[in-house]
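Below is one structure, written out as structure tokens; comments come after it.
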Amino acid sequence: LRIYRYLLLKAIITMISVLPIAAICTLAAASPSRTGGVSRPPLKTHSGLTNLRAASGIANRLRDRVMKVKASDSAPSEVPSSVAEVGGTAPMGKYWDPVGFTDVVRDPNQLKRFREAEITHGRLGMLGALGWLVQENFHPLFGGQIDGPAVDHFQKITSLYPSFWIPVLSAIAVAELGRARIGWKEPVGTKPGTTQTNLFELREDYQPGNIGLDPLGVMPKDAQAAIDIQNKELNNGRLAMLALAGFMAQELVNGKPILENLNEMLNGPTAA
485 LRIYRYLLLK AIITMISVLP IAAICTLAAA SPSRTGGVSR PPLKTHSGLT NLRAASGIAN
545 RLRDRVMKVK ASDSAPSEVP SSVAEVGGTA PMGKYWDPVG FTDVVRDPNQ LKRFREAEIT
605 HGRLGMLGAL GWLVQENFHP LFGGQIDGPA VDHFQKITSL YPSFWIPVLS AIAVAELGRA
665 RIGWKEPVGT KPGTTQTNLF ELREDYQPGN IGLDPLGVMP KDAQAAIDIQ NKELNNGRLA
725 MLALAGFMAQ ELVNGKPILE NLNEMLNGPT AA
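In the numbering used here, the protein residues as written are 485 to 756.
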């Protein structure tokens, strides 16, 4: 029964991610395209409104869940302190679990892996959001041939310089291997008294996201100040992941760089 509930939760999370973007794309597609002066045939707008209603319903259920968790303001006993004590800030309450992962997943190690994934993707999101804006406005690499909306840059680089990805993927592999050796148990042997292996198991003393990299020395020694820094990183990472999803959706809709879209929104189409 738990595995079915878990799969249902995964499906709900996927819907939360997809429905708002699908609604934006559908509504945008119903209006004439401003790219190249070519008008797309109008679509039925009721499908976009239906998606918006569905997304609104999910948002309301998430709000109710947040209020319920905020009222209790405490985590289940199975949740590791590295997960329960970090990530929840006002107005969401100290303990933040809007979709109820901890109602289904009781394995402390798996919850730590969820937090590890969130921190890692949040860091990539912050780097990606910054890189997205910089690359669209400053691109000296490749002789300036890679231009335009960043959503198309991967395809352009692949077509012009396919070997470029070899050193990039190699660097990613080295970084991921280093992170795995710090946070993960050796994937050999078995747990004492069982036939289960250590595959995908985090070390007991490993704090999610803490790979010992602090070149600027910004992590304070005080425990509460350290939690505040971690909360800031998590919240900014969450925002950056949403921002990147918005960047991609917007550029797929009208094919214009993000800052050009922002300029048009602030000053009107003629100012672009």
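The beta carbon of each residue, even a glycine, is placed where N, CA and C say it ideally should be.
Query raised in the report: Which of helix, strand or coil does DSSP assign to T519?
Result: A caution first: T519 carries a pLDDT of 41, below 50, which makes its placement in the model unreliable, though a value can still be read off. In this structure, T519 counts as coil in the three-state DSSP scheme.
Query raised in the report: Distance, Cα to Cα, G662 vs A538?
Result: Straight-line spacing of the CA atoms in G662 and A538 works out to 42 Å.
Query raised in the report: What is the DSSP secondary structure of L661, counted as helix, strand or coil?
Result: The answer is helix: DSSP assigns L661 an H, G or I state.
Query raised in the report: What do you get for K705, buried or exposed, if any count of 16 or more other CB atoms within 10 angstroms of its CB means buried?
Result: exposed
Query raised in the report: Just to confirm, are L617 and I742 a CB contact at a threshold of 8 Å?
Result: yes
Query - Range covered by the alpha helix (DSSP H) that runs through Q594 - result: P592 to N621
Query raised in the report: Just the Cα atoms here: how many angstroms apart are E748 and K740?
Result: 10 Å
Query raised in the report: How is T573 classed by DSSP in three states: helix, strand or coil?
Result: coil
Query raised in the report: Should L683 be labelled buried (16 or more other beta-carbon atoms within 10 Å of its own) or exposed?
Result: exposed
Query raised in the report: With distances taken between CB atoms, is the gap from R590 to E562 smaller than 8 Å?
Result: yes
Query - Beta carbon of L644 nearer than 8 Å to that of F626 - result: yes
Query - Simplified DSSP state of W668, which is helix, strand or coil - result: DSSP places W668 in strand when its eight states are reduced to three.
Requested in this report: Would you give the residue range spanned by the alpha helix (DSSP H) that E744 belongs to?
Outcome: I742 to N751
Report task. Pick out whichever of E600, G615 and G584 has its Cα sitting closest to the Cα of G693. Result -> For G693, the closest of E600, G615 and G584 by C-alpha to C-alpha distance is E600.
Query raised in the report: Leaving out five residues before and five after N719 in sequence, what residues of the same chain have Cβ atoms less than 7 Å from its Cβ?
Result: T573
**Report entry** Per-residue DSSP class, three states only, for L700
**Finding:** coil
**Report entry** Test: L697 CB closer than 8 Å to a CB of chain D
**Finding:** No chain D appears in the structure shown, which is made up of a single protein chain.
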